[in-house]
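Comments concern the structure below.
4 protein chains.
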Amino acid sequence: MGIAERKSREKEERRSLILLNAKEIILEKGFDSLNMQEVADRAELSKATLYLYFESKEAILLAILDEAASTFTNFVRERISEASSGIESIRALWTAYLECYGESEEIFLLTGVESYLNPGTFALDAESSPDGPLARLIALFAEIIGRGIADGTIAASADPFRTARIAVLVATSIIDRAARMPRAARDPKMIRILLSELFEILLRGLAGKDADPASLKLS
Amino acid sequence: MGIAERKSREKEERRSLILLNAKEIILEKGFDSLNMQEVADRAELSKATLYLYFESKEAILLAILDEAASTFTNFVRERISEASSGIESIRALWTAYLECYGESEEIFLLTGVESYLNPGTFALDAESSPDGPLARLIALFAEIIGRGIADGTIAASADPFRTARIAVLVATSIIDRAARMPRAARDPKMIRILLSELFEILLRGLAGKDADPASLKLS
Amino acid sequence: MGIAERKSREKEERRSLILLNAKEIILEKGFDSLNMQEVADRAELSKATLYLYFESKEAILLAILDEAASTFTNFVRERISEASSGIESIRALWTAYLECYGESEEIFLLTGVESYLNPGTFALDAESSPDGPLARLIALFAEIIGRGIADGTIAASADPFRTARIAVLVATSIIDRAARMPRAARDPKMIRILLSELFEILLRGLAGKDADPASLKLS
Amino acid sequence: MGIAERKSREKEERRSLILLNAKEIILEKGFDSLNMQEVADRAELSKATLYLYFESKEAILLAILDEAASTFTNFVRERISEASSGIESIRALWTAYLECYGESEEIFLLTGVESYLNPGTFALDAESSPDGPLARLIALFAEIIGRGIADGTIAASADPFRTARIAVLVATSIIDRAARMPRAARDPKMIRILLSELFEILLRGLAGKDADPASLKLS
DNA sequence: TATGAATGAGATTTCATTCAT
DNA sequence: CATGAATGAAATCTCATTCAT
Numbered sequence: 001m002g003i004a005e006r007k008s009r010e011k012e013e014r015r016s017l018i019l020l021n022a023k024e025i026i027l028e029k030g031f032d033s034l035n036m037q038e039v040a041d042r043a044e045l046s047k048a049t050l051y052l053y054f055e056s057k058e059a060i061l062l063a064i065l066d067e068a069a070s071t072f073t074n075f076v077r078e079r080i081s082e083a084s085s086g087i088e089s090i091r092a093l094w095t096a097y098l099e100c101y102g103e104s105e106e107i108f109l110l111t112g113v114e115s116y117l118n119p120g121t122f123a124l125d126a127e128s129s130p131d132g133p134l135a136r137l138i139a140l141f142a143e144i145i146g147r148g149i150a151d152g153t154i155a156a157s158a159d160p161f162r163t164a165r166i167a168v169l170v171a172t173s174i175i176d177r178a179a180r181m182p183r184a185a186r187d188p189k190m191i192r193i194l195l196s197e198l199f200e201i202l203l204r205g206l207a208g209k210d211a212d213p214a215s216l217k218l219s
Numbered sequence: 220m221g222i223a224e225r226k227s228r229e230k231e232e233r234r235s236l237i238l239l240n241a242k243e244i245i246l247e248k249g250f251d252s253l254n255m256q257e258v259a260d261r262a263e264l265s266k267a268t269l270y271l272y273f274e275s276k277e278a279i280l281l282a283i284l285d286e287a288a289s290t291f292t293n294f295v296r297e298r299i300s301e302a303s304s305g306i307e308s309i310r311a312l313w314t315a316y317l318e319c320y321g322e323s324e325e326i327f328l329l330t331g332v333e334s335y336l337n338p339g340t341f342a343l344d345a346e347s348s349p350d351g352p353l354a355r356l357i358a359l360f361a362e363i364i365g366r367g368i369a370d371g372t373i374a375a376s377a378d379p380f381r382t383a384r385i386a387v388l389v390a391t392s393i394i395d396r397a398a399r400m401p402r403a404a405r406d407p408k409m410i411r412i413l414l415s416e417l418f419e420i421l422l423r424g425l426a427g428k429d430a431d432p433a434s435l436k437l438s
Numbered sequence: 439m440g441i442a443e444r445k446s447r448e449k450e451e452r453r454s455l456i457l458l459n460a461k462e463i464i465l466e467k468g469f470d471s472l473n474m475q476e477v478a479d480r481a482e483l484s485k486a487t488l489y490l491y492f493e494s495k496e497a498i499l500l501a502i503l504d505e506a507a508s509t510f511t512n513f514v515r516e517r518i519s520e521a522s523s524g525i526e527s528i529r530a531l532w533t534a535y536l537e538c539y540g541e542s543e544e545i546f547l548l549t550g551v552e553s554y555l556n557p558g559t560f561a562l563d564a565e566s567s568p569d570g571p572l573a574r575l576i577a578l579f580a581e582i583i584g585r586g587i588a589d590g591t592i593a594a595s596a597d598p599f600r601t602a603r604i605a606v607l608v609a610t611s612i613i614d615r616a617a618r619m620p621r622a623a624r625d626p627k628m629i630r631i632l633l634s635e636l637f638e639i640l641l642r643g644l645a646g647k648d649a650d651p652a653s654l655k656l657s
Numbered sequence: 658m659g660i661a662e663r664k665s666r667e668k669e670e671r672r673s674l675i676l677l678n679a680k681e682i683i684l685e686k687g688f689d690s691l692n693m694q695e696v697a698d699r700a701e702l703s704k705a706t707l708y709l710y711f712e713s714k715e716a717i718l719l720a721i722l723d724e725a726a727s728t729f730t731n732f733v734r735e736r737i738s739e740a741s742s743g744i745e746s747i748r749a750l751w752t753a754y755l756e757c758y759g760e761s762e763e764i765f766l767l768t769g770v771e772s773y774l775n776p777g778t779f780a781l782d783a784e785s786s787p788d789g790p791l792a793r794l795i796a797l798f799a800e801i802i803g804r805g806i807a808d809g810t811i812a813a814s815a816d817p818f819r820t821a822r823i824a825v826l827v828a829t830s831i832i833d834r835a836a837r838m839p840r841a842a843r844d845p846k847m848i849r850i851l852l853s854e855l856f857e858i859l860l861r862g863l864a865g866k867d868a869d870p871a872s873l874k875l876s
């Protein structure tokens, strides 16, 4: 049994190794520059070996996206108490977002893979990709907004689902853009500040009459 | 002299012809699918000729961006009265944005070329590309915000310049994403609605204590 | 000894299993589509294991050919009475050929592997591959023709051996072609009709002055 | 005009050069060994250049087949007088076949490309590929057989069209097989003898009661 | 004995760019 | 000024075969 376990672990490790290097390349040069040869070289594997672990280049990208989106969504979900008001939950979500970004800029940026694979499919119309890796995030967001409208901390003006899509769209669009930059051109601190200010503006824009003013500041 | 003039005019016409066809392709298929052969074919020129008018493929894209950004910035500037309050000017700017989009979705989308060429260089840090095609737009925006802070219609919380960059970044990020889709996958009406709702949220988020509530609705 | 026997039996079984699955694939998709991975998958073995039983892909194909040719030659030999005249023996041989094809289209088709492995080596010149899997068939054929020439039922015009080679070449060429088609594209009934008509033409062409006209019809 | 002509001629020459080298390779090593790199190397062109002249590897093969089939069919058609009897026409056709083979073994062998591209599609069932490059040959053959049945020089036993298909199938199957051999393994003289004897057997097998015995010998 | 894993070598195809005419 | 032609470099993917365990 020990052998099977080790094998399985090693297999998982190789898989991770490939993803790791692919991510590295994306983060260094943007995903337009990702190519199988370089992934292979960095992982010290042959190109052919990559195809043992992933069916195609797209499969690698999908795996990266999946991992990133899950990590992030889980991270966020853990940080949102159901007891708090709608606007406070949103604030918590965005705080988590920034915190996650701080902890792991990388995972964060990689959610941008989404728009590379499916440019624009997920958030621009109502029905598309209901099962995409980001769908759960949008659903979570919509749920919170609905709660906020109910408790008066979020303005009742908009359809929760559409608003959720807007919010995720905006955030991921910025991420997407950041992820396309070579690492040298990115300034993580500045990205963080921009996002932070953007989120504050959005918070104020969303706030309903019962929102606690204290919940409209991010940090 | 007549001959030189004609020559020069013809040269300009060829240049436009190339840009025209390149734009058409981008709008039809997204810019990842742009290739020199197709531009040449559509313009009924040889690939080699393209290089007489543009140094490289990137130069073509830059020219397209330049044109689109200028068109748009001029369009906007004409519609903003210096007499109105800051928040009203922003509202006017965004109304113009949407109107411009309505009138010419296409030119608009082409501002997305920016992020294809310089992913993230313009808006994510403070100093970069001060002369980029969108710089004037940001400057205009910052000027308006400054005015709004002065007249109390915009909340004084933020640095005008940074806020301007955020606003332009958000708008162009969405455009960028839309521009990567093939025409068939785009839903112009939905894009317009999303942008409109986003702008309203931002308007409310930016509004200062002296803002006229009527100026916070977009249409 | 019991153990050694079992081992040996098991080894033979594995070998057969591999061949079985390789044949299945060839018959389904034509031999150009045969690959080791699929053989391994179907046999529920690893690719590496295939190499324990066969030196190479070619060795597998050779084994298939060998088996098919033997099966067929035996089938034919059993159905030819030494008492009958030369032309009647040929007729019997071809009847058996068609019958064998009817009973087991598949084994039959696999003789086509020959030309995949040794395209043209066996029948196009006089001396080559005297021990090839089809050599016995040609020998049998030549022997019959010799008998026919002796008893006047086959025209004396040609060298028996060369005529035998021609006959086998023609038959296997058609089989070869059929075996390259994926199963879906084959029409066994039409193949049978074509072969049958071809054989009748050949029978008439071979017949000597003493041939019984009744022996020139195939069915 | 002189320039345009020259260019056009040069273009045609390059095209021919590519085909020439591709044919060379096929004839030397069989078509399974044909690859774009080698064609390019021999033609002293880059791989990319090949794609200027042919859309794909298959297009090259198709062009070879087309050329070979046309050359051959024209060659044959010129040598058949409409005045002669059916069986004499068939004899003439086969004589031409062998003569053509003598003059240009190459063209001849290359008709085998057909079965490489469409293994088995053309002659095994009645309706398929009615416009294939070999269709005209079959039609010609069927027409002659029809004529022979009418004038009594060919036995009335079979459907002319089916018989034509059988004849072409047999001939091309042998060619096909020969074309798959590396040049070193082919013995043109022996192929010629085999074909010649085969054709004589077929001639006798097809002959009707009014056939002139002299027309049943090939040389 | 059996195998999971790895790989070298090669296949076809694409595309921005250059150059001789 | 215009272009047909050419190409180098790269991209994705396949497959028979080997090797360490």
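If you're matching them up, the sequences are chains A, B, C and D in order. Mind the numbering: the first sequence is residues 1 to 219 in our numbering, read in order. Mind the numbering: the second sequence is residues 220 to 438 in our numbering, read in order. Mind the numbering: the third sequence is residues 439 to 657 in our numbering, read in order. Mind the numbering: the fourth sequence is residues 658 to 876 in our numbering, read in order. Where is the CB? At the ideal position from N, CA and C, for every residue including glycine. Note that the structure is predicted; figures quoted are calculated from it, not measured.
* Just the Cα atoms here: how many angstroms apart are B/F380 and A/I80? -> Walking along the second sequence from the start, residue 380 of chain B turns up at place 161. Walking along the first sequence from the start, residue 80 of chain A turns up at place 80. One C-alpha to the other measures close to 33 Å.
* **C-alpha distance - A/L216 paired with A/R91, whole-angstrom precision** => To locate residue 216 of chain A, count along the first sequence from 1; it is residue 216. To locate residue 91 of chain A, count along the first sequence from 1; it is residue 91. Looking at the two C-alpha atoms, the distance is approximately 7 Å.
* Distance between D/R671 and C/L536 (C-alpha atoms, nearest Å) -> By one-based count along the third sequence, residue 536 of chain C stands at place 98. By one-based count along the fourth sequence, residue 671 of chain D stands at place 14. Each residue's alpha carbon lies about 50 Å from the other.
* Asked: Which residues, in order along the stretch 387 to 408 of chain B, keep a beta-carbon less than 8 Å from a beta-carbon of chain A?
  -> Taking 8 Å as the Cβ-Cβ cut-off against chain A, the residues of the stretch 387 to 408 of chain B that qualify are L388, V389, S392, I393, D395, R396, A397, R399, M400, A404, R405 and D406.
* To do: Return yes when the Cβ of C/I587 is within less than 8 Å of the Cβ of C/A594, no when it is not.
  => The residue given as residue 594 of chain C occupies position 156 in the third sequence. The residue given as residue 587 of chain C occupies position 149 in the third sequence. Cβ atoms of C/A594 and C/I587: closer than 8 Å.
* Using the beta-carbon of each residue, which ones in chain D are nearer than 8 Å to C/T601? -> Looking up residue 601 of chain C in the third sequence gives position 163. Result: E854 and I858.
* Asked: Who are the near neighbours of A/L19 in its chain, counting only those whose CB is closer than 8 Å to its CB and skipping five residues on each side?
  -> Locating residue 19 of chain A in the first sequence gives position 19, where the first residue counts as 1. For A/L19, where only same-chain residues beyond five positions count, the Cβ hits under 8 Å are I60, A63, I64 and E67.
* Taking only beta-carbon positions, decide if D/L863 is within less than 8 Å of chain C. => Counting from 1 along the fourth sequence, the entry for residue 863 of chain D is found at position 206. Answer yes: the Cβ-Cβ gap between D/L863 and chain C drops below 8 Å somewhere.
* To do: Alpha carbon to alpha carbon, how far is B/E263 from B/E301? Give it in angstroms, no decimals.
  => Locating residue 301 of chain B in the second sequence gives position 82, where the first residue counts as 1. Locating residue 263 of chain B in the second sequence gives position 44, where the first residue counts as 1. So the two alpha carbons sit approximately 46 Å from each other.
* **Backbone secondary structure at D/I811 - three-state DSSP** => What you label residue 811 of chain D is simply residue 154 of the fourth sequence in a count that begins at 1. If DSSP states are grouped into helix, strand and coil, D/I811 belongs with the strands.
* Unbroken alpha helix (DSSP H) run spanning C/F513, endpoints -> Counting from one through the third sequence, the residue named residue 513 of chain C turns up at place 75. Run containing C/F513: K495 to E516, per the alpha helix (DSSP H) assignment.
* Residue range of the alpha helix (DSSP H) that D/L707 falls in? -> Start at 1 with the first residue of the fourth sequence, and residue 707 of chain D comes out as number 50. The continuous alpha helix (DSSP H) containing D/L707 extends over residues K704 to Y710.
* Under the assumption that B/A430 contacts B/I306 (Cβ atoms under 8 Å), give the Cβ distance between them as a whole number of angstroms. => Numbered from its first residue, the second sequence carries residue 430 of chain B at position 211. Numbered from its first residue, the second sequence carries residue 306 of chain B at position 87. At roughly 5 Å, the Cβ-Cβ gap stays under 8 Å, so B/A430 and B/I306 are in contact.
* Asked: Taking the continuous alpha helix (DSSP H) assigned at B/N240, which residues delimit it?
  -> Position 21 of the second sequence holds residue 240 of chain B. From DSSP, the alpha helix (DSSP H) with B/N240 extends over G221 to K248.
* In terms of alpha-carbon separation, which member of B/F273, B/F250 and B/L236 lies closest to B/D260? -> Locating residue 260 of chain B in the second sequence gives position 41, counting from the first residue. Of the candidates B/F273, B/F250 and B/L236, the one whose C-alpha sits nearest the C-alpha of B/D260 is B/L236.
* Asked: With a CB to CB cut of under 6 Å and the five nearest residues on each side skipped, what residues in its chain are close to A/L52?
  -> Within the first sequence, residue 52 of chain A is the residue found at index 52, counting from 1. There are no such residues.
* Say whether the stretch 599 to 614 of chain C touches the stretch 441 to 451 of chain C, bearing in mind that this needs 3 or more beta-carbon pairs closer than 8 Å, one atom from each stretch. => no
* Would you say C/I604 faces chain D, with C-beta separation under 8 Å as the test? -> Numbered from 1 along the third sequence, position 166 holds the residue referred to as residue 604 of chain C. Chain D contact via Cβ: present.
* Asked: Quick one: Cα of D/S746 to Cα of B/N254, how far?
  -> Residue 746 of chain D sits at position 89 when you count from the first residue of the fourth sequence. Residue 254 of chain B sits at position 35 when you count from the first residue of the second sequence. Distance between the alpha carbons of D/S746 and B/N254: 57 Å.
* By the 10 Å Cβ neighbour count, where 16 or more other Cβ atoms means buried, how is D/S665 classified, buried or exposed? -> The residue given as residue 665 of chain D occupies position 8 in the fourth sequence. Per the 10 Å Cβ criterion, exposed.
* **Simplified DSSP state of D/A871, which is helix, strand or coil** => The count along the fourth sequence starts at 1 and reaches residue 871 of chain D at position 214. Helix.
* **Within-8 Å CB hit, C/L465 to chain D** => Taking the third sequence and counting its residues from 1, one reaches residue 465 of chain C at position 27. Residue-level contact by beta carbon fails for C/L465 and chain D, as no gap is shorter than 8 Å.
* **Contacting residues, own chain, Cβ-Cβ under 7 Å from C/R624 (five flanking each side not counted)** => Position 186 of the third sequence, counting from 1, holds the residue named residue 624 of chain C. A616.
* Whole-number beta carbon distance between A/R183 and A/E28, since they are thought to touch under 8 Å -> Counted from its first residue, the first sequence places residue 28 of chain A at position 28. Counted from its first residue, the first sequence places residue 183 of chain A at position 183. Sure, about 5 Å apart at Cβ, within 8 Å.
* Which residues in chain C sit within 9 Å of D/A815, going by Cβ to Cβ distance? -> On the fourth sequence, residue 815 of chain D is found 158 positions in, with the first residue counted as 1. Here the neighbours are E635, E638 and I639.
* Asked: Between A/L194 and chain B, is there a C-beta pair that is closer than 8 Å?
  -> Walking along the first sequence from the start, residue 194 of chain A turns up at place 194. Cβ-Cβ to chain B under 8 Å: yes for A/L194.
* To do: Using DSSP bridges, identify the partner residues of C/A602.
  => The residue labelled residue 602 of chain C in the question sits at position 164 within the third sequence. Looking at the DSSP output, C/A602 sits in no beta bridge, so it has no partner there.
* Do you know how far the Cα of D/I858 is from the Cα of C/S634? -> In the third sequence, the residue the question calls residue 634 of chain C occupies position 196. In the fourth sequence, the residue the question calls residue 858 of chain D occupies position 201. The straight-line gap from Cα to Cα measures roughly 16 Å.
* **Residues that DSSP places opposite B/A426 in a beta bridge** => Position 207 of the second sequence holds residue 426 of chain B. B/I373, per the DSSP bridge assignment.
* To do: Assign B/P401 to one of three DSSP states: helix, strand, or coil.
  => Counting from one through the second sequence, the residue named residue 401 of chain B turns up at place 182. Reduced to three states, the DSSP call for B/P401 is coil.
* **Straight-line gap, A/K209 to B/A241 (C-alpha atoms, nearest Å)** => Taking the first sequence and counting its residues from 1, the one referred to as residue 209 of chain A is at position 209. Taking the second sequence and counting its residues from 1, the one referred to as residue 241 of chain B is at position 22. Using only the alpha carbons, I get a separation of about 50 Å.
* Own chain, CB closer than 8 Å to D/L851, minus 5 neighbours either side, in chain order -> The residue labelled residue 851 of chain D in the question sits at position 194 within the fourth sequence. Same-chain partners within the cutoff: I831.
* Compute the Euclidean distance between the alpha carbons of B/D251 and D/R663, then round it to the nearest angstrom. => Indexing the second sequence from 1 puts residue 251 of chain B at position 32. Indexing the fourth sequence from 1 puts residue 663 of chain D at position 6. Distance between the alpha carbons of B/D251 and D/R663: 39 Å.
* To do: Measure how close the beta-carbons of A/A207 and A/T153 come, nearest whole angstrom, since I'm counting them as under 8 Å.
  => To locate residue 207 of chain A, count along the first sequence from 1; it is residue 207. To locate residue 153 of chain A, count along the first sequence from 1; it is residue 153. With a Cβ gap of about 7 Å, A/A207 and A/T153 count as contacting.
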